[in-house]
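Colleague: Below you will find the structure I want to go over with you.
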Amino acid sequence: MALSFKAAAARLHTVPDLPYNPRSGVAPLFSPAALKTIYTDHQAGLIDRLNELIAGTPYEDKLYHEVIMDSARSLNEVQIFNNASQAWNNDFFLQSLSASPSSMSDALAKRISDSFGSIEVFKREFATNALGLFGSGWTWLVEDKDGRLMLLNTYNAGSPHHRRRMQRADETATDHDFASQAQNPYSGASKFSAPAKLMANNSYVPILCVSMWEHAYLTDYGVTLEGRKKYLKNFFETVDWSVVDGRVFRAGGF
Amino acid sequence: MRATQASFYSTKSASGSGSGAGSDDDDILNAMMAGMESDFTVPKPPSSPASEASSSSAESESVSGSDPEPTFVPKPIDIEKRLKALLPEYLSYGGELAPKPKSALHSNPSSNSLTIAQLLAAGLHLGHSTSLWNVASMPFVFGVREGISIINLEHTLTHLRRACTVTKAVARQGGIILFIGTRPGMDHVTIDAAKSCNAYYVASKWCPGTITNAQEIVGPHTPRQPDARPGDLAKPFKPDLVIVLNPIENMIAIREATRFNIPTIAITDTDVDPRVVSYPIPANDDSVRGVELVAKVLAEAAKEGNVLAAEASKRQSRERVEGRVDRMNSWSRRP
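In order, the protein sequence lines correspond to chains A and B. Positions 3 to 256 (our numbering) are the ones given, in order, by the first sequence. Positions 2 to 336 (our numbering) are the ones given, in order, by the second sequence.
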C-alpha cells in the first residue's frame with residue numbers, strides 16, 4: 003500500500019561525488035577537517051533540507067537546475083531556492099578544486115588577459131572583490147554576452163543564473179554610488195566588476211567561484227584579514243584550471 | 002559613500018551661487034563643508050595579496066600606472082546558446098535526482114501487438130474467489146481453479162481492443178478522456194497513463210457529484226470564459242469518455258457518467274457486473290502489473306488518436322490557407 007509512496011520518496015537528490023577524496027582534504031586550500039565541514043556536513047545538510055522541503059511538492063520531479071530557476075521568483079519557495087542555490091554554488095566551487103591541479107592553458111591565460119590586462123591583475127582584482135564582500139557570499143568570475151570576463155559578488159545564496167536572485171546588493175551601498183565604489187579599493191567593486199544594472203538581453207555564465215562564507219575559511223584560516231588573504235592565495239593554487247578551461251571554451255565559447 | 006557626499010556638496014557650491022532664495026543656506030553650508038573635504042579622502046590600502054604573495058618590497062610602483070591595459074574586443078555571442086551548451090555540466094552540480102523507478106513496461110504497448118501470453122504474464126486472468134462471483138460475469142469466466150474463477154483471456158483481448166478503438170476515436174475527435182484509478186498502490190499508474198496522452202485523471206477519491214453537480218465541484222476551478230462579465234458562472238467541462246480501473250470502488254462515478262450518457266470503459270473483475278459500463282474489459286483489477294498493462298494500452302490508443310487529430314487539424318489549416326490563396330489568385334485573374 004505504501005509502495006508507491008516509498009518509490010516517490012526515493013526519487014530525491016543525492017550529494018554528488020568530488021573528484022578528490024574528501025577525507026584527505028584538498029591541499030593547500032582545505033584541511034580534512036575543513037573539507038568535512040564544507041562537504042560532508044554542509045553540502046549533505048543542504049541537500050537533506052532541500053529534499054525535506056521539496057517532498058510532496060511539484061519540485062520533487064524537477065531536475066536540480068530547474069528547481070533553482072523555478073523557485074527563484076517565488077515568495078513561498080524562498081527556502082527551496084536558498085538551499086538549492088547554496089548547494090549548487092558549493093558544489094560548483096568544490097568541483098573546481100583538485101588535489102593535483104593542472105596549470106592554466108595558454109588559451110585561457112590569453113582570454114583572461116584580454117579582459118583583465120594580465121593574470122596578476124586578474125588575481126589581484128579577484129582577491130580584492132572577495133575581500134570586499136562583507137558578510138557571507140560568493141565571488142564569481144562570469145562571462146557576459148560579449149564574451150567579456152568580469153567579477154561578481156553575490157551575497158548569501160545568490161546565484162548568477164537568475165537575474166533577480168543575484169543578491170549583489172550590500173544593503174549599505176546604492177546604485178549611484180557604484181562609480182565611487184569602484185574607486186574605493188575596500189569596497190570590493192572595481193572596473194572589472196559586472197555593471198550594477200544587468201542589461202535586458204544579458205545573462206551571466208558562471209566560470210569560477212570562491213566561497214566567502216565564513217565556515218569555508220574559518221577552520222584553517224581564521225577570520226582575520228591576513229587569514230582571508232592567505233585563503234585566497236591558496237585558492238589560486240588549488241583551482242584546477244583545466245576545469246575552468248572547459249567551461250570557457252565549451253561550444254559557443256571562444 | 003563619504004567621498005560622494007563631499008563631491009555632492011562641492012558641486013552644489015559650484016552651482017549654488019545663482020540659486021536665489023536658498024543661496025544664503027548654501028553659503029553657510031559651504032563654509033561648514035569647506036574644510037571637511039580633506040576628511041573624506043579614500044585611503045590607499047596596504048599592499049594587496051598578490052604582491053604580498055610575491056613578497057615584493059618595492060611598493061613604490063603605483064598600482065594603476067603599471068598595469069597592462071585590457072585588450073578586450075567584444076564579440077557578441079548568443080548567450081542563450083552558450084548557457085544551453087553548458088547546461089549538462091550545470092545540471093551535474095548541486096544534487097542528482099534518484100533514477101525513476103523502472104516499470105516492467107518500457108514503452109506503451111500497442112493493442113494490435115498484444116498477445117494472450119502477455120496478458121497471462123501480467124496476471125489478468127486471475128478472477129476473484131467463487132464465493133464472491135457476480136453471475137453476470139459468467140460469459141467471461143473460463144473456469145474455476147483453486148477456488149478462484151479464471152477469466153477467459155480471449156474475451157479480455159477482444160474487449161480490450163474494442164476499448165482501444167473507442168478511446169482512439171474519442172481522442173481523434175478531441176474528446177476529454179478521464180482515467181479513474183483510486184487504489185492506493187496504483188495511483189502512479191493512473192497518473193502516468195493520463196499524463197502520457199494529455200488526458201485527465203482522478204487518482205485519489207472520486208468526489209461524488211463531479212459530473213452531476215459539476216457547477217459546485219468543478220466550477221470554482223474552471224477558468225472563466227474570456228468574454229465573461231463579472232458574476233458570470235464558469236462552464237465546467239464534462240468528460241467525453243470515462244475509463245475506470247477499479248469499478249468496484251467507483252460505482253458512483255460510473256453511475257454519474259451513465260446518467261449523463263457518457264460512455265464508460267472499466268476493468269471488470271468477476272465480482273463486478275460487467276453490464277454497468279458501456280465497454281467492459283473482463284480482467285483482473287487487483288494486480289498492479291495487469292492494471293498497468295491495460296492502462297498503458299489504452300493510453301497508447303489515446304495517443305494515436307491525438308496524433309491523428311493533430312494531423313487532421315494541420316491538414317485542415319493547410320487546406321484553409323490554400324483555399325484562400327486559390328481564391329486570391331482567382332480574383333486577381335479576373336479581367
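For glycine and all other residues, C-beta sits at the position ideal for the given N, C-alpha and C.
Please state the DSSP three-state secondary structure of B/H129.
Modeller: It is a strand residue.
Colleague: State buried or exposed for B/I29, treating a residue as buried only when at least 16 other CB atoms are found within 10 Å of its CB.
Modeller: B/I29 should be labelled exposed.
Colleague: Would you mind giving the Cβ-Cβ distance between B/L88 and B/I117, rounded to the nearest angstrom? I have them listed as a contact below 8 Å.
Modeller: About 46 Å separates the two Cβ atoms, so there is no contact after all.
Colleague: Have a look at B/L125 and B/V326 and give me their C-alpha separation to the nearest angstrom.
Modeller: Going by the C-alpha atoms only, they are around 55 Å apart.
Colleague: Quick one: which residues of the segment 78-102 of chain B get their C-beta closer than 9 Å to a C-beta of chain A? List them in chain order.
Modeller: Against chain A - using a Cβ distance shorter than 9 Å - the residues of the segment 78-102 of chain B are I78, D79, I80, E81, K82, R83, L84, K85, A86, L87, L88, E90, Y91, L92, S93, Y94, G95, G96, E97, L98, A99, P100, K101 and P102.
Colleague: Is there a C-beta anywhere in chain B that falls below 9 Å from the one on A/R75?
Modeller: It does not; no Cβ of chain B falls within 9 Å.
Colleague: Check whether the segment 313-327 of chain B and the segment 184-191 of chain B touch, using three or more Cβ-Cβ pairs below 8 Å as the test.
Modeller: No, the segment 313-327 of chain B is not in contact with the segment 184-191 of chain B.
Colleague: Would A/F15 pass as an interface residue toward chain B - the criterion being a Cβ-Cβ separation below 9 Å?
Modeller: Looking at the sequence itself, residue 15 of chain A is His, so the reference to Phe does not match. Yes, contact with chain B.
Colleague: Counting along the chain, where does the alpha helix (DSSP H) carrying B/S314 start and finish?
Modeller: Element bounds for B/S314: V289 to S333.
Colleague: With contact counted as at least three CB pairs below 8 Å, one residue from each stretch, are the segment 113-131 of chain A and the segment 145-163 of chain A in contact?
Modeller: They touch, by the three-pair rule.
Colleague: Please confirm if the segment 228-242 of chain A is in contact with the segment 129-146 of chain A, defined as three or more CB-CB distances below 8 Å between the two stretches.
Modeller: Judged by Cβ distances under 8 Å, the segment 228-242 of chain A makes contact with the segment 129-146 of chain A, as three or more pairs qualify.
Colleague: Can you tell me whether DSSP reads B/P110 as helix, strand or coil?
Modeller: If DSSP states are grouped into helix, strand and coil, B/P110 belongs with coil.
Colleague: With a CB to CB cut of under 7 Å and the five nearest residues on each side skipped, what residues in its chain are close to B/I192?
Modeller: If we look at B/I192 and ignore the five residues flanking it on each side, its Cβ neighbours are Y202 and A204.
Colleague: Could you check the C-alpha separation between B/L115 and B/L158 for me, to the nearest Å?
Modeller: In a straight line, the C-alpha of B/L115 is about 8 Å away from that of B/L158.
Colleague: Give, in chain order, every unbroken run of the beta strand (DSSP E) that is at least 3 residues long and sits entirely within the segment 183-208 of chain B.
Modeller: Counting only runs of 3 or more, we get 201-203.
Colleague: Quick one, which of A/R252, A/S104 and A/S205 has its alpha-carbon nearest A/L154's?
Modeller: Cα-wise, what sits closest to A/L154 is A/S205.
Colleague: Can you tell me whether B/Q226 is buried or exposed, with buried defined as 16 or more other CB within 10 angstroms of its CB?
Modeller: Exposed: under 16 other Cβ atoms inside 10 Å.
Colleague: For the beta strand (DSSP E) that A/S244 lies in, which residues bound it at each end?
Modeller: Run containing A/S244: none in the beta strand (DSSP E); it sits in the alpha helix (DSSP H), W243 to V250.
Colleague: Quick one: using the 10 Å Cβ neighbour count with 16 as the cut-off for buried, is A/T226 buried or exposed?
Modeller: Result: exposed.
Colleague: If you run the structure through DSSP and keep just helix, strand and coil, what is B/A137?
Modeller: It is helical.
Colleague: Checking 9 Å against the spacing of the C-beta atoms, do B/L281 and B/I263 come in under that value?
Modeller: In the sequence on display, residue 281 of chain B carries Pro and not Leu. Contact flag unset, no.
Colleague: Tell me which residues share the same chain as A/K193 and place their Cβ nearer than 7 Å to its Cβ, disregarding the 5 neighbours each side in the sequence.
Modeller: Around A/K193: A184.
Colleague: Kindly list, in the order they appear in chain A, the residues whose Cβ is closer than 7 Å to that of B/T72.
Modeller: Result: D116.
Colleague: What separation, rounded to the nearest whole angstrom, lies between the Cα atoms of B/A59 and A/M214?
Modeller: With a pLDDT of 36 at B/A59, under the threshold of 50, the predicted position of this residue should be treated as unreliable, though the coordinate-derived value follows. If I take the Cα positions, the gap works out to 30 Å.
Colleague: Is B/V298 closer than 9 Å to B/S111 when the C-beta atoms are compared?
Modeller: A contact, by the Cβ cut-off of 9 Å.
Colleague: Give, in chain order, every residue of the segment 285-301 of chain B whose Cβ lies closer than 7 Å to some Cβ of chain A.
Modeller: Listed by position along the chain: nothing, the set is empty.
Colleague: Taking the straight line between their C-alpha atoms, what separation do you get for B/S63 and A/S244?
Modeller: Residue placement at B/S63 is poorly supported in this model, since its pLDDT is 37, which falls under 50; the coordinates are not used for a value here.
Colleague: Would you mind stating whether B/M252 and B/V277 have Cβ atoms separated by less than 9 Å?
Modeller: Yes, these two residues count as a Cβ contact at 9 Å.
Colleague: Can you give me the C-alpha to C-alpha distance between B/A164 and B/A311, rounded to a whole angstrom?
Modeller: In a straight line, the C-alpha of B/A164 is about 21 Å away from that of B/A311.
Colleague: Would you say A/S107 lies against chain B (beta-carbon separation less than 9 Å)?
Modeller: No, because no Cβ of chain B sits closer than 9 Å to the Cβ of A/S107.
Colleague: Mind pulling the chain B residues with CB within less than 8 Å of A/P18?
Modeller: Result: S93, Y94, G95, G96 and E97.
Colleague: Looking at the structure shown, is A/G149 part of a helix, part of a strand, or coil, going by DSSP?
Modeller: A/G149 falls in the coil class under three-state DSSP.
Colleague: Give me the Cα-Cα distance between B/E305 and B/G175, rounded to the nearest whole angstrom.
Modeller: Going from the Cα of B/E305 to the Cα of B/G175 covers about 12 Å.
Colleague: Given that a residue counts as buried once 16 or more other Cβ atoms are within 10 Å of its Cβ, and exposed if not, what is B/E293?
Modeller: Looking at its Cβ environment, which holds 16 or more other Cβ atoms inside 10 Å, B/E293 is buried.
Colleague: Note down the Cα distance separating B/I232 from B/S314, rounded to an integer number of angstroms.
Modeller: Position check: residue 232 of chain B holds Gly in this sequence, whereas Ile was assumed. Approximately 35 Å between the Cα atoms of the pair.
Colleague: Could you pull the start and end residues of the beta strand (DSSP E) that A/P208 belongs to?
Modeller: It spans V207 to S213 - the beta strand (DSSP E) in which A/P208 sits, taken as one unbroken run.
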